[in-house]
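> Counted the way this note's numbering counts, the sequence shown spans residues 10 to 162.
Let me give you the structure first, and then I'll get to my questions.
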Amino acid sequence: MEYTQRIHAVSPTVLRVGVPLSFRVLFGAFALFMGMIMFVDGSIAPIPGLLFFIALGATFFVDDWDFDSEAHEVRRRFGWLFVTRTRAYPVSELAGVRHELGMPRRPRKPVHSVSIETKDGRRLTIDLGSGREREMEDAARLIARHLEIELLP
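This is the structure:
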């Protein structure tokens, strides 16, 4: 299964890149199914137990990027539901948004990504999944326009 994040407007001033609800529902249903199997069986077998805990962890996984044009900052929240860590980056410290193309050794298939460059040279990669070139370019353009920062070549 390919893990992809979704970009959408939370409010007129906030764009969010985050784990889609369908991802959580799918893994929640799978965890529920595995839990019911273990309950009916009356024992916890290693494989179903492991699959249950992996699916439960995936259900409550959080990895959100908020692009707030009103507060002039980018916030990243990651962790598991109530145990998350948030990092904020002021827009004034950002140099721009970049669409990048990489070529891993295996498989020999181009990987497109979107990253934010800070003025001190750090790169913050936004995991949008392995989307098509056009989708990644559009996402980079949308983020740059929303934050009113430069779209880097």
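Positions of the beta carbon are idealized from the N, C-alpha and C atoms, including for glycine.
Computed from a predicted structure; not experimentally measured.
With 16 other CB atoms within 10 Å as the buried threshold, where does Ile46 fall?
Ile46 should be labelled exposed.
> Which runs of the beta strand (DSSP E), 3 residues or longer, sit entirely within the stretch 15-58?
As far as the stretch 15-58 is concerned, its whole beta strand (DSSP E) runs of at least 3 residues are 15-20 and 23-27.
> Please list, in chain order, all residues of the same chain as Pro21 whose beta carbon is under 6 Å from its beta carbon, the five residues on each side excluded.
Once the five neighbours on either side are set aside, Pro21 has no close Cβ partner at all.
> Exposed or buried, which one is Leu59 when buried takes at least 16 other CB atoms within 10 Å?
With fewer than 16 other Cβ atoms within 10 Å, it is exposed.
> Distance check for Asp72 and Arg25, CA to CA, integer angstroms please.
Those two C-alpha atoms are separated by around 10 Å.
> Rounded to whole angstroms, what's the CA-CA distance from Arg5 to Leu156? Just pull it up for me.
Only positions 10 to 162 of the chain appear in this structure, which leaves residue 5 out of reach.
> Rounded to the nearest angstrom, how far is the Cβ of Thr127 from that of Glu144, given a contact under 8 Å?
24 Å between Cβ atoms; not a contact.
> Are there 16 or more other CB atoms within 10 angstroms of the CB of Val34, so buried, or fewer, so exposed?
So Val34 ends up on the exposed side.
> What are the start and end residues of the alpha helix (DSSP H) that includes His108?
That residue, His108, is in no alpha helix (DSSP H); its beta strand (DSSP E) goes Leu103 to Gly111.
> How is Gly66 classed by DSSP in three states: helix, strand or coil?
DSSP places Gly66 in helix when its eight states are reduced to three.
> Assign Arg96 to one of three DSSP states: helix, strand, or coil.
DSSP places Arg96 in strand when its eight states are reduced to three.
> Contact defined as beta carbons within less than 8 Å: I believe Ser124 pairs with Arg107. What is the distance between those atoms, to the nearest angstrom?
That pair is a contact at about 5 Å.
> Looking at Pro99 and His81, is the spacing between their C-beta atoms short of 8 Å?
Their beta carbons are under 8 Å apart, which means His81 touches Pro99 by this criterion.
> Let me know if Ala18 comes out buried or exposed under the rule of 16 or more other beta-carbons within 10 Å of its beta-carbon.
Counting Cβ neighbours within 10 Å, Ala18 comes out exposed, since fewer than 16 surround it.
> Cβ of Trp89 within 8 Å of Cβ of Phe62?
Against a cut-off of 8 Å, the Cβ pair of Phe62 and Trp89 comes out as no contact.
> What number of angstroms, rounded off, separates the C-alpha of Phe27 from the C-alpha of Ile53?
According to the sequence as given, residue 27 is Gly; it is not Phe. So the two alpha carbons sit approximately 33 Å from each other.
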